[in-house]
Amino acid sequence: MKVEIITPEKRLFTGEAKLIQLPGANGSFEIMNNHAPVISTLFEGKIKVVELSGNKLFFEI
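Just so we're aligned, residue 51 is where the sequence shown starts under my numbering, counting upward by one.
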């Protein structure tokens, strides 16, 4: 799935991923490939992106 992580200051990540874990308003949640499109407000915390290769990336927001 195509993932874009954008803050008011900068673009943190743009690329393909098979899973992303996010700090949502109602707690942490994951989105996997073939999930319906989502736009969500996020809280401060860690984002985990698992790329198609299996490489794991972490971002603090």
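Ideal placement from N, C-alpha and C gives every residue a C-beta, glycine not left out.
No experiment lies behind these values; they were computed from the predicted model shown.
{"Asked": "Quickly, what does DSSP pair S87 with across the bridge? List them, please.", "Found": "Residue identity check: residue 87 is Pro in the sequence provided, not Ser. The partner list for P87 (beta bridge, DSSP) is empty, contrary to what the question assumes."}
{"Asked": "Rounded to a whole number of angstroms, what is the C-alpha to C-alpha distance between E110 and L72?", "Found": "10 Å"}
{"Asked": "Could you check which residue in E66, L102, F79, V88 has the C-alpha nearest to that of G95?", "Found": "F79"}
{"Asked": "Would you mind reading off the limits of the beta strand (DSSP E) that contains E101?", "Found": "96-101"}
{"Asked": "Contact check, I89 vs I55 under 8 Å by CB: the rounded distance?", "Found": "That belief does not hold up - the Cβ atoms of I89 and I55 are roughly 13 Å apart, past 8 Å."}
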